[in-house]
Every structure is written in C-alpha cells, then in structure tokens.
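Chemist: Residue numbers (my numbering), protein chains in the order written: chain A, 939 to 1247; chain B, 10 to 624. Note that CB positions come from ideal geometry on N, CA and C, so glycine has one too. Small disclaimer: the values here were computed from a predicted structure and weren't measured.
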Amino acid sequence: MLSYALRTLIRMVLTFFVIVTIVFFATRLSGNAIDFVVSDGITSEDRELLIKYYELDRPILTQYFAFLRSFTDGQFGLSFIERRPVSEIVLERIWPSTQLLLSAVGLTLLVSIPLGIAAAIWRKSWIGSAVMMVAFLGYAVPNFVLATVMVLLFSYWLNWLPVVGNGTAWHFIMPTVALSGVLIAALTRFTRNAMLDVLGQDFMRTARAKGLPENAVIVKHGLRNAGITILSVIGLQVAGLAASGSVVIEAIFAWPGIGDLLVSSALRRDYPVLQFGVLTVALAVIVINAAIDLAYAWADPRLRHTVKG
Amino acid sequence: MTRIPLLSVENLRLNFGSFEAVKGITFDIAKGETVALVGESGSGKSATALALLRLIEREGGHIAGGSVTLHGTPDLQLSALSDRQMQQVRGNRVSMIFQEPMTALNPVMTLGDQVAEVLRLHQGLDATQARAATREAFERVKIPEAERRLDQFPHELSGGLRQRVMIAMALACRPDLLIADEPTTALDVTTQAEILALIRQLQDEIGTAVLFITHDMGVVANIADRVVVLKRGDKVEEGPVADIFIRPQAAYTQQLMAATPKLGSGAPKPLLRPAAPVLEVENLAVRFPVRRGLLPGGHLDYHAVGGVSLSIAPGETLGLVGESGCGKSTLARAVLRLIDPSQGRVRLEGREITGLDAAEMRPLRQRAQMVFQDPFASLNPRMSVRDLITEPAHIHHRLSRRDRRALAAELLEKVGLEPAAADRFPHQFSGGQRQRLCIARALSVRPALIVADESVSALDVSVARQVTDLMARLQAEDGVSFLFISHDIAVVERVSHRVAVMWGGQIVETGPTEAVLHNPQHPYTQRLLAAVPVADPSRRDAPRPALPALQAPKLLLPAGQAPVRAQMTEVSAGHFVAVQDPASALLAGASGHMAGAAAQGDSPQAAAKDRFEQV
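1) Determine the chain B residues that contact A/Thr1129 at a beta-carbon separation under 8 angstroms, and present them in chain order.
2) Identify every residue that forms a DSSP beta bridge with B/Phe585.
3) Verify whether the separation of the beta carbon atoms of A/Arg1031 and A/Gly1195 is less than 7 angstroms.
4) Determine whether the Cβ of A/Gly1173 lies closer than 7 angstroms to any Cβ atom of chain B.
5) When DSSP builds the beta bridges, which residues end up paired with B/Arg7?
6) Tell me, please, whether the CB atom of B/Glu66 is closer than 7 angstroms to any CB atom in chain A?
7) Roughly how many whole angstroms lie between the Cα atoms of B/Gln263 and B/Ser466?
8) Whose C-alpha, out of B/Phe381, B/Arg171, B/Ile38 and B/Ala56, is nearest the C-alpha of B/Ala73?
9) Can you tell me where the beta strand (DSSP E) with B/Thr262 in it begins and where it stops?
10) Would you list the one or two residues that DSSP bridges to B/Pro14?
11) If B/Leu46 sits next to B/Val237, beta carbons under 8 angstroms apart, how far is it from one beta carbon to the other, in whole angstroms?
12) Considering only the alpha carbon of each residue, which of B/His224, B/Leu187, B/Gly41 and B/Thr194 lies closest to B/Gly671?
13) For chain B, find out if any of its Cβ atoms is closer than 7 angstroms to the Cβ of A/Ala1147; answer yes or no.
14) Using a Cβ-Cβ cut-off of 7 angstroms, state whether B/Glu109 counts as contacting chain A.
15) Do you know whose CA, among B/Val295, B/Arg93 and B/Glu289, lies nearest B/Ala377's CA?
16) Could you list the residues in the region 14–35 of chain B with a C-beta less than 8 angstroms from some C-beta on chain A, going in chain order?
17) Looking at the structure shown, is B/Asn24 part of a helix, part of a strand, or coil, going by DSSP?
18) Say whether chain A places a C-beta atom closer than 7 angstroms to the C-beta of B/Phe147.
19) Suppose only complete runs of 4+ residues qualify. What are the alpha helix (DSSP H) ranges in the region 1106–1180 of chain A, listed by chain order?
20) So is B/Arg395 buried or exposed if we call it buried at 16+ other beta carbons inside 10 Å?
21) Rounded to whole angstroms, what is the Cα-Cα separation between B/Ile321 and B/Gln484?
22) Which residues of chain A have a Cβ atom closer than 8 angstroms to the Cβ of B/Thr112, listed in chain order?
23) Going by DSSP, name the residue or residues bridged to B/Trp512.
24) Which residues share a DSSP beta bridge with B/His71?
25) The beta strand (DSSP E) spanning B/Glu247 covers which residue range?
26) Would you kindly report the start and end of the unbroken alpha helix (DSSP H) that includes B/Arg63?
27) Counting only C-beta atoms, is A/Asn1097 closer than 7 angstroms to chain B at any point?
28) If we define contact as Cβ-Cβ less than 7 angstroms, is A/Ser941 a contact residue for chain B?
29) Using the three-state DSSP reduction, which class does B/Gln172 fall into: helix, strand or coil?
30) Could you spell out where the alpha helix (DSSP H) holding B/Ala461 opens and where it closes?
31) By Cβ distance, which residues of its chain are closer than 8 angstroms to B/Leu595, with the 5 residues on each side in sequence left out?
32) Can you give me the C-alpha to C-alpha distance between B/Leu186 and B/Ser495, rounded to a whole angstrom?
33) Give every residue of the same chain whose Cβ lies closer than 7 angstroms to the Cβ of B/Asp37, excluding the five residues on either side of it in the sequence, and list them in chain order.
34) What are the start and end residues of the beta strand (DSSP E) that includes B/His531?
35) Can you tell which of A/Gly1066, A/Ile1055 and A/Ala1233 has the C-alpha that lies nearest to the C-alpha of A/Val1155?
36) Which value, in whole angstroms, describes the spacing of the CA atoms of B/Gln210 and B/Ser490?
Here it is, written out as structure tokens:
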C-alpha cells in the first residue's frame, strides 16, 4: 500500500509539472502580456520600463525557470490590479469554493444513490422509468440554464432566496442545486447500471439463500460492491466539477470562490492571478483524483492485494 | 430402515414466462438421505433446486402449481410461505451451495464476515461468538489455517477452498436439508474427490439430508442414495442408486449412462507407422512478468509453461490432460503463436514458426486452427453462419459470394448440420450445434492440425459424445491431427492415440493412451486417475489408495531463475515419465518402471498394470 501511495505521489508531481509548463507557455502564446495590461496611450519608454520591471525582456526559458523557482520560495508575484501577492488573493478564495463543492457532492450522493438503486430494483415498473426520465432531462439541462431559471423563479418572482454571495445557509441552496444538477443525473444513471450489474451476480443469490431480508441483501451485499464502481466515477465527476462547473456557477451567483476569481481576472487580464488560480485548480483536481484512486484501491480488496504485492 | 420424509415435492410445475421448465414432478427426500437430481441442461434440475428455496422468482420464474412441504412440527408448506417466513427457512433449515465458487461469494466481504452473517442472523450470536463459531465451521470443513482465513477475501483462495467456505456457510446452522447445485462441476477432479468426501462425512456427522444436483453419473454413483432422473421438465425415472445403475428402466437413463465417459473403456490404438510430424514442439517455455522492479529480486516472472516438448503425427490425436492452472491453455496458445513463447521452438509441418513476424505467420495460420471451450462466446452473434464458418477461408483466399455459399453448404454437411443452417445466426443453435459450427469454421481452411481447448467441457455428456465422435470421423476422413486439451481424463481416453499429462507447467508423463492410463508412473498421474469418480455405486465404499499429497513446483520466480526441467525417462515403448530424483531414475532404468506405482488391490490401474507386466 505504501509503495502504491508513493507511486501515486510521484505521478501527481509529474502531472502537476506538465500542467505548470503548459500553463506557462500557453499564457505567453498571445504576445507580450504588458500590451493587455496597460492602456493604449502609454509611451514606448514607459512600456520598456514596465517590461524590464516584470522581467519580460529576458529569454523565455529564463522566465520559465524563474517561474519554476517561485514554487520553491513561494513568491508568485503581485496582482497587476490589486498590487497584492497573488497567493494571498487566491488562497482566500479556496475555502468558499471548497464549501460549495462539498455541499454539491453531498447533495449528489444523497439524491442519486437512493434514486439509482430504486431505478435498478424497480427497473421494470413505472418507478424505474420515471427516475430514468428525470435523470435524462437533468442531463440535458446545462447548469447555467438551471441556475438562471432558479434565480428567476426563487429570487426575482418569489423572492425567497438570496442571489449574491455566500453569507448564509440560504445562499447555498441555488448554487448547490445548480452545480449538482448534471452530476445527479449522471450519477443516478451510473448507480442504476452498477446496481443492475451487481443484482445479477451469483453472490446476491447466495446472500438470499442465507435468509437475509431483501433490504440487507441490497445494501450490505449489493451496494458495497456497486459502491466501488460508483466511487471511481465520482472522482472524475468531482474533479470535472472543480475544474469547470464551478467557474460558471460561481460567476452567476457572485460566489467569492476561485471560479469567480478566474473569470474576473481573465476579464481584467490580471495574468499573475489567472496563472496561479489555474494552477491551484489543477492541483485540486490532481489531489482529488489521487485521493479517489487511493480510496478505490483501499475499498476493493482485490486491488488492495495487488497494491500490497 | 424406515424412511422418515423430510421434504415432499408434489406435482411441482415451474414456468419461466410462458415456458414450462418443470412439468409436474413428484419426489421426496427422507431425513439424512442423499437424493441426486440428474439431468442435462434444460432438464429443469436447477430450476427445481431454486424453487425449493423460493429463489426462482428472482431468476424470472414462478411456481405455477404443486407444492413443496418441509416436514417437521409443524409441517411447512414452502411453496405458500410469505417472504419473511421463507427468510427464516433459508440458510437455517434449508441451505444451498452453488456451482461457481469463484462468483458465489461476495468479493468485498471477508470470508469470516460472510459466514458469521448466517450465524448472527439465525442464531442471534454477537460478533465475538459468531467469529468463534465461524472458526469452528471452517475447521469442520477442514480449511487449513482457519483463523487466518477469517480475515481473507474470496480472491485470495483457490476454487476448492472457496467451495469449502460455501459448505461451511451452508452447514453453519446445521440445516435439515442441503441443496447442492453442481457443487463440484467447476472444480478439478482431485478437488472434486475431496469435496465429495467432505460432504459425505459432514452428512454423517450432522445428519443433514442432501439434494445433489448434477449431470455427472460418476458423481451420482459416489454420493447418492436415491436418484431422480429429469428430462425436459419431466421425471423419467426414480429409484435407489444401485437399481438405476444396474437396471436403468427409462431409455433416457440408459442413454445417459452410455454417454457418460468411463475411464478404462478403451482408447484409440496408437498409429503404427507415423509419418513426419505435423507439429513438433521443442523445449517451449512461456513466462509472464508479474511484477516489474528495478531492484534485484523485485522482478517476478510466472513460468506458465516451463520447457515442454511434444510432437503430433498426421492423423493423430494427442490428449493433453491437466488441472486448471497447469499451463495447458497457455501451451496451446503458444503453439499457435497467439502468444509469443519466451523460449523454445515450434515447427508446423517442418517449418519453424517461432521467429516469424505477423505477415510471415499469416499464410501459415490456415494450417493450424483452434476450437475454443465456450461455443457461446467464440461465435460472433451478429454474423450469419455462412459468413462465420467461411471467414477463415475468405481471409486467406478471397472467396466470391457463390464460393462462400458452396463452401458453407459443404462444411455444414461435414459436421452434420442442415445446409439451410447457413442463413441463420448463432443464437438459434444449441451449445452442441455451435461447437459443430466452430469445428466447421476450423475446417474451412483444411488445416493439418486443430487445437481443441476444452472444446467439449461445456457440453452435456450426450452432446459431448456426439462432438468427439464427429472429431474422430473427420480425422478418419481427412487425416487431420488434433491437440485435444481437457481436464477430463475419461474424455481424453476416448479420443486420444497418445496422452501427455501436464502439471506445474511441464509434461510429467506421456505415451500411448493405454500405456499411460493403465500403468501410470508419475505420482501426479496416479493421483489424477485415483480422483476420477467411478460410475459404479457398489464400489464407492471401496478404500481409495492413500496417495501422498504432492508439493507443486514453484512457478513464480525472481527474474533469471527458471523452474528445474524434469528429465524424461522411457519406461516402455514411447511411454516417458518425468524423473522425480536421480536415484529413482536409476531404478527406473533398471527395472523398467518406477517405484511407488499404482495402487495395490484390485483397482483397475493395478489390474491393468499386472496385465502390462505379463506382456
């Protein structure tokens, strides 16, 4: 297990290194960053001065290594706009984003696993069809549409829920639902399929032959097996949510998280913040993936064994 | 002895949708008795077993009529109980073990928890008590290192041990009746013998009655007190086991008996003057990297095949026998270059094929074809029979539509199917017919050699018989050679001119079939033969020769190491055996056969050996 964790760690570091490299060169593909930052009327002397100040005149590889060095000394530079260290700006955004992500994942699990199991058990009755129909619709509605409709309904017309910020528990409701909508649909379908696979397995028959009541058969023997497969997709879905889904939703609800920060700094061409923000999200995705990998290996005794080997 | 009825089945009818799987059967089981429910696939025997525990509804069937009564105080009519009442019967008064020990246990729960679950459920034990009781249950079914097994998972155990866990689970609450649905069919023959002995012994200890579902008459002879024979949902015969074997009344029972392969019923004579071999395998080895590592000792190889030499003459069948994991299927694939051997040479019709690349290999592929075990998985369900069976020929010779049609008709006739079958699809055929299609496909390129890997193992005995008869006929007509791989010695005996016994990745004994089977020299061959169930109930209490357990060679080795190659020594014309150690090799050289050969007494091997020595 330990050597498996070590290998996972090495893989994480390598992945992150590749992403850092891509982010660095990609942001420099669109020309000199200074031109996006300063206003048009600047004199060429001032421009040269600024370029020198931000060390943008040095060879690109030198800049790249300087950038890499910033990971060792923790100096990621200042925001063009706010004149504060970017690490400070980004770090204060992490917790709100994490809160939103956790509540979305929690809601997803609470809703989609029971629904998926129900759809599998009653696959031939109207319950199964109804669940799959709703899941299909949920899959078809993009999260920003869902968010907009909710804002119209619950805030504009009914005036029940607040729209902007994360001040109270009420603030969580709409962003959480909007963020988990597609995820619930996807995971319901997946849980149903994973359960259907398991329901047909021989060991389920063995469990019934033992005299276990049906709900114990389903939960204790069925869900425990289906859970392992479900876990593997949750990882990917959550990582996807952290990477892209929350950007739109946070922007819509002005949620003070990283997604909102990425959008605003991109619009303001605050490249140091953007760059560091993207890398933070990338790191989060890598960490979530690795955590799910380890959890998966731990949950499946067959893997745990090979992992030990 | 008066029979006290335990379970009565009256006029039981089972339907799957509108299909009548069981059409009103009546039988009963007495206390402590073993009743064998015998029949081929589609006979309704498994459906009956599931219906007794009312698990059939879960498989899409239902009880359409009749009744099942479990006698006691009070009598319980199982067929009319509620779900909740039935739960108190299952695993407690009536329990069940299944065919597939590999899938019947929950892969993510420890073995201890799975067995303890039954005890906690029905006997109300707490966790500590249940664990202790589970350990006892494991010890009762002779699972070695019972304490350690409690915390292991199913995948860490062999099939035989898993089946023991299943038995421990089923017998944990000392049920009145154990239903065993083909419990040994998926196991190796030596493991089967152990499990059968275990069930009989536990039955004596606990007094449980057993309903034993099987298609294997050899197993029936070994375990049953009474036999119920089913055919397509009808009971065709019922009686004490001795009567059924000595005086089978129904034509179907007689057929079933005749089709059951019996060891010692004669093998094809070895070829007199074999021509230049079709296939020559020399020192072939296959190893798979199991774990890669840079540190010394970190890299492990699994030596699936460790240095095998064999040859097959034109028109000859070589039977390759061995238990699961012995490397026989790997050998078959390496011979056909479906996987690359790590060492050794393969010559097909005199041409070496080991070094050839894919393009050079392609034209030679038509000379050697393969027929696989599972006729349901090895035919593409979306292709018509015509396209399927002529595909190899089409790949090699680009046939026109008309040629393909003509070839399909010719091939179908050859394997005994209607030419009209060409327009149909695989799902419209039975298992036996599909295996005929697989053979037809192999024949489409007129190969010199057909490798048949467990090709009749998934078929009913009567169907298997027809397929092996077909192979023999094709061999007589076209002179095609077979490498016939099977774990079933009795089937191998019926079709093979020569046999090779494989164990631990090597051939430990080879020679003319009669010579090897009647005069087995290697301890493993002897064990294998002794474990085959004898289809004669009067002999079941005859003491079996006690053969020492064999230490299997280690096949998982650090890089650079290889298993020790066994030296072969000739004990009679063409009969070679692997030498155990140099001393017995000398002995073998001096006296013509090795010490410690077959059993004493009047076992068929010993009798045959006496005959052998007089010659």
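Modeler: Answer, in terms of the structure:
1) Residue mapping note: residue 1129 of chain A aligns to position 191 of the first sequence, counting from 1. Against A/Thr1129, chain B offers no close residue; the least beta-carbon distance is about 16 angstroms (beta-carbon pairs closer than 8 angstroms).
2) Counted from its first residue, the second sequence places residue 585 of chain B at position 576. Paired residues: B/Thr519 and B/Glu579.
3) Numbered from its first residue, the first sequence carries residue 1031 of chain A at position 93. Numbered from its first residue, the first sequence carries residue 1195 of chain A at position 257. In this structure, A/Gly1195 lies closer than 7 angstroms to A/Arg1031 by Cβ.
4) Here residue 1173 of chain A refers to the residue found at position 235 when the first sequence is read from its first residue. No, its Cβ sits nowhere closer than 7 angstroms to a Cβ of chain B.
5) Lying outside 10 to 624, the shown extent of chain B, residue 7 of chain B is not represented and no answer is given.
6) Start at 1 with the first residue of the second sequence, and residue 66 of chain B comes out as number 57. B/Glu66 does not count as touching chain A.
7) For the purposes of this step, residue 263 of chain B is taken as residue 254 along the second sequence, with counting starting at 1. For the purposes of this step, residue 466 of chain B is taken as residue 457 along the second sequence, with counting starting at 1. Straight-line Cα distance between these residues: approximately 21 angstroms.
8) If you number the second sequence from 1, residue 73 of chain B lands on position 64. Among B/Phe381, B/Arg171, B/Ile38 and B/Ala56, the Cα nearest to that of B/Ala73 is on B/Ala56.
9) Reading the second sequence from its first residue, position 253 is the one you call residue 262 of chain B. Premise fails: B/Thr262 lies in the alpha helix (DSSP H), Ala260 to Ala268, not in any beta strand (DSSP E).
10) Position 5 of the second sequence, counted from the first residue, corresponds to residue 14 of chain B. Beta-bridge annotation (DSSP): B/Pro14 is paired with B/Ala39.
11) Against the second sequence, residue 46 of chain B aligns to sequence position 37. Against the second sequence, residue 237 of chain B aligns to sequence position 228. About 5 angstroms separates the CB atoms of B/Leu46 and B/Val237; that is less than 8 angstroms, so the two are in contact.
12) Residue 671 of chain B is absent from the model: chain B starts at 10 and stops at 624.
13) Here residue 1147 of chain A refers to the residue found at position 209 of the first sequence. Closer than 7 angstroms: yes.
14) Taking the second sequence and counting its residues from 1, one reaches residue 109 of chain B at position 100. Taking Cβ atoms only, chain A reaches closer than 7 angstroms to B/Glu109, which makes this a yes.
15) Here residue 377 of chain B is taken as the residue at index 368 of the second sequence, counted from 1. Looking at B/Val295, B/Arg93 and B/Glu289, the one whose alpha-carbon comes closest to that of B/Ala377 is B/Glu289.
16) Flagged: no residues at all.
17) Here residue 24 of chain B is taken as the residue at index 15 of the second sequence, counted from 1. The answer is strand: DSSP assigns B/Asn24 an E or B state.
18) For the purposes of this step, residue 147 of chain B is taken as the residue at position 138 of the second sequence. Taking Cβ atoms only, chain A never reaches closer than 7 angstroms to B/Phe147, which makes this a no.
19) Runs of the alpha helix (DSSP H) lying entirely within the region 1106–1180 of chain A, each at least 4 residues long, are 1107–1137, 1140–1147 and 1162–1178 in chain order.
20) For this step, residue 395 of chain B is matched to residue 386 along the second sequence. B/Arg395 counts as buried, since no fewer than 16 other beta carbons sit within 10 angstroms of its beta carbon.
21) Numbered from 1 along the second sequence, position 312 holds the residue referred to as residue 321 of chain B. Numbered from 1 along the second sequence, position 475 holds the residue referred to as residue 484 of chain B. If I take the Cα positions, the gap works out to 13 angstroms.
22) Here residue 112 of chain B corresponds to residue number 103 of the second sequence, with the count starting at 1. Chain A residues near B/Thr112: Gln1139, Asp1140 and Phe1141.
23) For the purposes of this step, residue 512 of chain B is identified with residue 503 of the second sequence, where counting begins at 1. Paired residues: B/Gln515.
24) In the second sequence, the residue the question calls residue 71 of chain B occupies position 62. Note: B/His71 sits in a beta bridge opposite B/Asn24.
25) Residue mapping note: residue 247 of chain B aligns to position 238 of the second sequence, counting from 1. From DSSP, the beta strand (DSSP E) with B/Glu247 extends over Asp243 to Pro249.
26) Looking up residue 63 of chain B in the second sequence gives position 54. B/Arg63 -> no alpha helix (DSSP H), and no H or E assigned at all.
27) One-based indexing of the first sequence puts residue 1097 of chain A at position 159. Under the Cβ criterion of 7 angstroms, A/Asn1097 is not counted among the residues facing chain B.
28) As a working note, residue 941 of chain A is residue 3 in the first sequence. Contact with chain B is absent for A/Ser941, since none of that chain's Cβ atoms lies less than 7 angstroms from the residue's Cβ.
29) Residue 172 of chain B sits at position 163 when you count from the first residue of the second sequence. DSSP places B/Gln172 within a helical segment (H, G or I) once states are collapsed to three.
30) Residue 461 of chain B sits at position 452 when you count from the first residue of the second sequence. Looking at the DSSP string, B/Ala461 is not in any alpha helix (DSSP H); the run it does join, the beta strand (DSSP E), is Leu458 to Asp462.
31) Mapped onto the second sequence, residue 595 of chain B falls at position 586. Unreliable positioning characterises B/Leu595 in this predicted model, as indicated by a pLDDT of 48, which lies under 50. A coordinate reading is not provided.
32) As a working note, residue 186 of chain B is residue 177 in the second sequence. As a working note, residue 495 of chain B is residue 486 in the second sequence. Near 34 angstroms, if we compare the C-alpha coordinates of B/Ser495 and B/Leu186.
33) Taking the first residue of the second sequence as position 1, residue 37 of chain B is located at position 28. Closer than 7 angstroms at Cβ, skipping near neighbours: Pro14, Leu16, Ser17 and Val18.
34) Along the second sequence, read from residue 1 onward, the residue named residue 531 of chain B stands at position 522. Judged by DSSP secondary structure, B/His531 falls outside any beta strand (DSSP E); it is assigned neither H nor E.
35) Within the first sequence, numbered from 1, the residue matching residue 1155 of chain A stands at position 217. A/Val1155 has its Cα closest to that of A/Ile1055, out of A/Gly1066, A/Ile1055 and A/Ala1233.
36) Counting from one through the second sequence, the residue named residue 210 of chain B turns up at place 201. Counting from one through the second sequence, the residue named residue 490 of chain B turns up at place 481. Roughly 45 angstroms between the two C-alpha positions.
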